[in-house]
Amino acid sequence: MTKPQLMTACGFVAFALAGATPASAQQGATDPAAAPASSTEQASTEQSTEQPDDVQNTGDIIVTAQGRAQLLTDVPVAVSAVSAESLQLSGATDIRALNQLAPSLLVSSTGSEANGSARIRGIGTVGDNPGLESSVAVFIDGVYRSRSGIGLNELGEIDRVEVLRGPQGTLFGRNASAGIINIVSKQPTYELGGMAEVTYGNYDFWRLQAALNVPISDTLAARIDGVYAKRDGFYYDTANDIDVNNRDRFFVRGQLRWEPTSDINIRIIGDYTKRDERCCGATYVDASVNQFVGNLNNPATPLTTGLPNGNNIINVLRDMGQPIGSFTPGYDRTIYSTPGRSFAGETEDKGISGQIDWDFGGATLTSITAYRDYLSDQGSDTDYSTIDILYRAADGNSSRQFETFSQELRLQGEAFGGALDWLVGGYYANEDLTVRDNLRFGNQYGRFATCRIISGSALASLYSPTGAGCLSPTGRAVLNGQVPTVPSPLGPAGPLVVAALDRLDGINDRGSGVDIYEQNSRNYAFFTHNIVHLTDTLDLTVGLRYTNERKRLNASFTNDNTGCVANQQALGSFLTNPALAAVAGGIIGLSCQGNSTSELDGASIADERNEDEFTGTAVLSWKPTPDLLLYGSYSRGYKAGGFNLDRSALKNPLASFASLGGPQALTGNLQFDPEINNAYEIGAKYSVNDFTLTLAAFRQEFQNFQLNTFNGTVFLVATVNACDADLAGGDRDTSAATGACVPDDVQYGVVSQGVEVEANLRPVRDVNINLGMTYSDTHYRENLVGSAGGIPLDPALRVLPGNQLSNAPEIVATGSLSWTPELGSSGLTGLFYVDTRLTDDFNTGSDLYPQKLQDSFVLVNARVGIRGRDELWALELWAQNLTNTQYAQVAFNSPFQQGANGAPFVDPQYPGGRQVFSQYLAEPRTYGVTLRTRF
Numbered sequence: 040m041t042k043p044q045l046m047t048a049c050g051f052v053a054f055a056l057a058g059a060t061p062a063s064a065q066q067g068a069t070d071p072a073a074a075p076a077s078s079t080e081q082a083s084t085e086q087s088t089e090q091p092d093d094v095q096n097t098g099d100i101i102v103t104a105q106g107r108a109q110l111l112t113d114v115p116v117a118v119s120a121v122s123a124e125s126l127q128l129s130g131a132t133d134i135r136a137l138n139q140l141a142p143s144l145l146v147s148s149t150g151s152e153a154n155g156s157a158r159i160r161g162i163g164t165v166g167d168n169p170g171l172e173s174s175v176a177v178f179i180d181g182v183y184r185s186r187s188g189i190g191l192n193e194l195g196e197i198d199r200v201e202v203l204r205g206p207q208g209t210l211f212g213r214n215a216s217a218g219i220i221n222i223v224s225k226q227p228t229y230e231l232g233g234m235a236e237v238t239y240g241n242y243d244f245w246r247l248q249a250a251l252n253v254p255i256s257d258t259l260a261a262r263i264d265g266v267y268a269k270r271d272g273f274y275y276d277t278a279n280d281i282d283v284n285n286r287d288r289f290f291v292r293g294q295l296r297w298e299p300t301s302d303i304n305i306r307i308i309g310d311y312t313k314r315d316e317r318c319c320g321a322t323y324v325d326a327s328v329n330q331f332v333g334n335l336n337n338p339a340t341p342l343t344t345g346l347p348n349g350n351n352i353i354n355v356l357r358d359m360g361q362p363i364g365s366f367t368p369g370y371d372r373t374i375y376s377t378p379g380r381s382f383a384g385e386t387e388d389k390g391i392s393g394q395i396d397w398d399f400g401g402a403t404l405t406s407i408t409a410y411r412d413y414l415s416d417q418g419s420d421t422d423y424s425t426i427d428i429l430y431r432a433a434d435g436n437s438s439r440q441f442e443t444f445s446q447e448l449r450l451q452g453e454a455f456g457g458a459l460d461w462l463v464g465g466y467y468a469n470e471d472l473t474v475r476d477n478l479r480f481g482n483q484y485g486r487f488a489t490c491r492i493i494s495g496s497a498l499a500s501l502y503s504p505t506g507a508g509c510l511s512p513t514g515r516a517v518l519n520g521q522v523p524t525v526p527s528p529l530g531p532a533g534p535l536v537v538a539a540l541d542r543l544d545g546i547n548d549r550g551s552g553v554d555i556y557e558q559n560s561r562n563y564a565f566f567t568h569n570i571v572h573l574t575d576t577l578d579l580t581v582g583l584r585y586t587n588e589r590k591r592l593n594a595s596f597t598n599d600n601t602g603c604v605a606n607q608q609a610l611g612s613f614l615t616n617p618a619l620a621a622v623a624g625g626i627i628g629l630s631c632q633g634n635s636t637s638e639l640d641g642a643s644i645a646d647e648r649n650e651d652e653f654t655g656t657a658v659l660s661w662k663p664t665p666d667l668l669l670y671g672s673y674s675r676g677y678k679a680g681g682f683n684l685d686r687s688a689l690k691n692p693l694a695s696f697a698s699l700g701g702p703q704a705l706t707g708n709l710q711f712d713p714e715i716n717n718a719y720e721i722g723a724k725y726s727v728n729d730f731t732l733t734l735a736a737f738r739q740e741f742q743n744f745q746l747n748t749f750n751g752t753v754f755l756v757a758t759v760n761a762c763d764a765d766l767a768g769g770d771r772d773t774s775a776a777t778g779a780c781v782p783d784d785v786q787y788g789v790v791s792q793g794v795e796v797e798a799n800l801r802p803v804r805d806v807n808i809n810l811g812m813t814y815s816d817t818h819y820r821e822n823l824v825g826s827a828g829g830i831p832l833d834p835a836l837r838v839l840p841g842n843q844l845s846n847a848p849e850i851v852a853t854g855s856l857s858w859t860p861e862l863g864s865s866g867l868t869g870l871f872y873v874d875t876r877l878t879d880d881f882n883t884g885s886d887l888y889p890q891k892l893q894d895s896f897v898l899v900n901a902r903v904g905i906r907g908r909d910e911l912w913a914l915e916l917w918a919q920n921l922t923n924t925q926y927a928q929v930a931f932n933s934p935f936q937q938g939a940n941g942a943p944f945v946d947p948q949y950p951g952g953r954q955v956f957s958q959y960l961a962e963p964r965t966y967g968v969t970l971r972t973r974f
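Per my numbering, residue 40 is the first one in the sequence shown, and the count goes up by one each step.
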């Protein structure tokens, strides 16, 4: 879909939804009180589920975006509020479904659901490295979740979700540089009630949900929510005869609410989630999905001269057993894993929190104390191919665990006769992160690696995938100089190179036993947030926060890859010989890839970093009429720096650890700087009767933008900035040595700017319409560097300068329509609901290679049903992704599967050279039926 077509479609959908008022609805009176609950009516404050009559009549939601219960239209902050009713209609069970309801939000997941990533206004953090905190923070009932992927669990019944856009550098427990997803669950009330529902759908999907609310006394109430969900996977693994990307999970949450006096409210919450699922399968990207793949998935025919029209790595994969049809799958969901390798994983997420709200008369104290324990383990066939190249065993040693204690205190009150609404507070958190990694080369790695070298070099005529070292007998003899009158092409070094190839050929099932990274993060903050009522219609809001962060890292390694050390010693001197550097570098690099070396066996490292930062906000807001709010703001957000929890970042694999002083001397290479966002925003909110409109225009400037990128071999962590001086193309070339910048010339490297529009209207009785559109120009600046110190940008990132960020479509439009007509005088009501999201073109890969582009697409969800009186029962038919739109969540470099380049590769179609690509597909169409009861 072209951009003009997309814009036309956005306009058409908005027009169609605005005008889609069924004829039978026209017969009813336009009484707001009789209208169905809209997305702006459903939420309550955190302190009470009851709203005063005037709030109910305005049809306006109550939010706590500023640490206070306020009407949404009175809050000078860009925030989308999604009600319980809207979540139920959309079929939302975790935060991914918010994509359909909030145009500035995008939530996706990659190699594991623990790696889920949320983005707001095009800004987010790729979740594959747990050392990076999330630019978009997730809070559930006031408690920070350590990474946004943790929010992909079941949520139970929710009161509301607030999506706060832009930096949140004053309130909330943790700083967030791009925004916050604030989830508020339904709390106990003093009336007996409950609900139960059962859902069945295709892929043998079962979901059971129930909730019970019990008043124990006039001052004590309890509530319990539970969910169980099970579904077959969307992928079929032929080698292991099993489905992948399945669901098998349950969730339970228990709550107590106690009000010993009218001034004290205490809420205790305990929850537990368990998942036992296989995730996540991937397929190759072919030319039918992305035209820029070109001939990358074709074998080189013949191998010796066919590289311009094919790819030698395809020859290698095919010859070692990969079905040739797997390279042209389109959107087929058949995967070809290594027999015996598994994507099985288990996740446990549990915690307890207590919130106390105590009204002293002149001020209210809020205390939130929480402890959480999250553990996720996931096995994987890490190369996603039939060939056994890389794997992580599903044995409990490929995991991440967060154990977090947090305490927040807020004191809020008024002064000077109500002219000042003040708030002060403090926050403390202590988090232990433990990452266990058992990444190993597979049982066919050695032969794959040697064949990759031989097939893509001048030695291709010697290629024999069945021979030791991938050499034919004749080829081995030639290289060893054993054929009379035929000199070895490698000269006297031939026998040494052959021996090194044999050692590489023997690197099978070698690598980490268990590498353990232990990081302790201690942070505390003091903050104040104050609203000064300058006049009856003019307010000044000022907030300031001081944050102190200390992180300590201890890591220990086990590794049995002795072939790396042997080949470094045998060939290291050849790296400076122009005639032998390429072959020596290729052998050493593949022998030691990712710093998998027995040099690390028994080694340990330790490091510490400290930082502190001031953040805050200033907002001037004006209500020229009771229905209109205008505001302008500046805010500064912050996300902590940290450690790259990956041994590959310690050094280049060509050099030995001993030659560089040992691993401890290299720990500084794991550190990265904090991310800073300076944001400017103007906005307007208008609400009258049954119509609400919000507008916001924004500009955000990110320093040290934390970028996590997989380059086909290892994950790179860069803190992207721009240089004020012209780098003369040094950030766009293939050299790692060009493009440095003087530190004093380093500036912010990422800009996010645009406009957001959201509207809610109820044109007639029983009809509710929500519309939204975001235009976001979220791009890298020119003349990029890789750190605040001005080091050159990694060549793998050379496409970034001047381009839109990954997963950052310029235009997104959302719309929903619900119609709940009365069916005669029986007390029954019907339900007709549809929502849609139109997404512009975007690139799904952090390095922005064109093979990772995703064309624009439209997603539609729908639901129809019938409900009994007072919703005592309901029967609904539903469909998610109704039109079965096929698209990729993320495309990535297929691990280690890169062919040879004849020269320094500068073809703009192939900035990744002859790299092959894989993709995580989004969910296909699902449909089913739900039966629900409430009492």
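We put the beta carbon where it would ideally sit given N, CA and C, even for glycine.
If you count every other CB in all the chains shown that lies within 10 Å of the CB of D243, and 16 or more means buried, which is it? Looking at its Cβ environment, which holds fewer than 16 other Cβ atoms inside 10 Å, D243 is exposed.
Span of the alpha helix (DSSP H) around Q607: Segment 601–610, the alpha helix (DSSP H) holding Q607.
Assigned secondary structure, I352 (DSSP; H/G/I helix, E/B strand, else coil): Taken through DSSP and simplified to helix, strand or coil, I352 comes out as helix.
From the DSSP output, read off the bridge partner residues of D460. DSSP lists E453, I570 as partners of D460.
Cβ-based burial, I363 [other Cβ within 10 Å; buried from 16]: Looking at its Cβ environment, which holds fewer than 16 other Cβ atoms inside 10 Å, I363 is exposed.
Is it true that the segment 898–913 meets the segment 796–804, where meeting means three or more beta-carbon pairs spaced less than 8 Å apart? Note that the segment 898–913 does not touch the segment 796–804; fewer than 3 beta-carbon pairs, one per stretch, sit closer than 8 Å.
So, is the C-beta of I374 closer than 8 Å to a C-beta in chain C? This model lacks chain C altogether, as it is built from one protein chain only.
With three or more C-beta pairs closer than 8 Å as the rule, is the segment 680–690 touching the segment 611–619? The segment 611–619, when compared against the segment 680–690, does not touch it at the 8 Å Cβ threshold.
Spatial distance of P254 from N717 (CA atoms): Roughly 47 Å separates the two Cα atoms.
Answer with buried or exposed for Q893, where buried requires no fewer than 16 other C-beta atoms within 10 angstroms of its C-beta. Under this definition Q893 is a buried residue.
Roughly how many angstroms separate the alpha carbons of V968 and Q954, rounded to a whole number? C-alpha separation (whole angstroms): 44 Å.
Straight-line CA distance for D315 to G384? Cα-Cα distance, rounded: 6 Å.
Strand pairing of N747, partner residues [DSSP]: According to DSSP, N747 shares a beta bridge with V756.
Only counting the same chain, and skipping five residues up and downstream in sequence, which positions put a Cβ closer than 6 Å to that of D784? Taking D784 as the centre and dropping the five residues before and after it, the same chain places the C-beta of C762, D763, A764 closer than 6 Å to its C-beta, in chain order.
Please report the straight-line C-alpha distance between T965 and S224, rounded to a whole angstrom. Taking the straight line joining both Cα atoms gives about 26 Å.
Among T277, T654, V604, which residue has its Cα nearest to the Cα of F565? The option with the nearest alpha carbon to F565 is T654.
Let's test the definition: count the other Cβ atoms within 10 Å of the Cβ of N649 and tell me whether it reaches 16, buried, or not, exposed. Exposed.
Cβ pair count under 8 Å reaching 3, the segment 443–457 against the segment 416–434: No, the segment 443–457 is not in contact with the segment 416–434.
Per DSSP, P338 forms a beta bridge with which residues? Its beta-bridge partners are N350.
Can you give me the Cβ contacts of F331 inside the same chain, cut-off strictly under 6 Å, excluding the 5 residues immediately before and after it? Within the same chain, F331 has close Cβ partners P889, Q890, Q948.
Name the DSSP bridge partner or partners of F730? Bridge partners of F730: V727, L800.
What does Q109 pair with, by DSSP beta-bridge criteria? Answer is V102, bridged to Q109.
To the nearest angstrom, how far is it from the Cα of Q109 to the Cα of G550? Inter-residue distance for Q109 and G550 is about 56 Å (C-alpha atoms, whole angstroms).
Under the rule that 16 or more other beta-carbon atoms within 10 Å means buried, what is E230, buried or exposed? The residue in question, E230, is exposed, as its Cβ has fewer than 16 Cβ neighbours within 10 Å.
Out of Y375, Q928, P934, N809, which has the shortest C-alpha to C-alpha gap to G360? Among Y375, Q928, P934, N809, the Cα nearest to that of G360 is on Y375.
Give the DSSP-derived three-state secondary structure of T373 in the structure shown. If DSSP states are grouped into helix, strand and coil, T373 belongs with the strands.
Would you kindly check if the distance between the Cβ of V553 and the Cβ of R479 is under 8 Å? Result no, Cβ atoms of R479 and V553 do not sit closer than 8 Å.
Taking the straight line between their C-alpha atoms, what separation do you get for Q207 and L693? Cα to Cα, the separation comes out at about 43 Å.
Can you tell which of S216, A249, P782, L111 has the C-alpha that lies nearest to the C-alpha of V291? When only C-alpha atoms are compared, the closest one is A249.
DSSP beta-bridge partners of G170: BP columns for G170 are empty, so no partner.
Does L540 pass the burial test, meaning 16 or more other C-beta atoms within 10 Å, or should it be called exposed? Flag for L540 reads buried.
Going by beta-carbon coordinates alone, are N634 and R542 separated by less than 8 Å? Against a cut-off of 8 Å, the Cβ pair of R542 and N634 comes out as no contact.
Please determine, among A918, I626, R820, L450, the residue with the shortest C-alpha to C-alpha distance to R491. Distance from the Cα of R491 is smallest, within the candidate group A918, I626, R820, L450, for I626.
Express the C-alpha separation of V114 and Y814 in angstroms, rounding to a whole number. C-alpha of Y814 to C-alpha of V114: approximately 22 Å in a straight line.
Taking the beta carbon of F741 as the centre, do at least 16 other beta carbons fall within 10 Å, making it buried, or is it exposed? That one is buried.
Only counting the same chain, and skipping five residues up and downstream in sequence, which positions put a Cβ closer than 6 Å to that of D93? At D93, the pLDDT of 34 sits below 50, so the modelled position is not reliable; the number obtained from the coordinates is stated separately. So the list is empty, once near-sequence residues are dropped.
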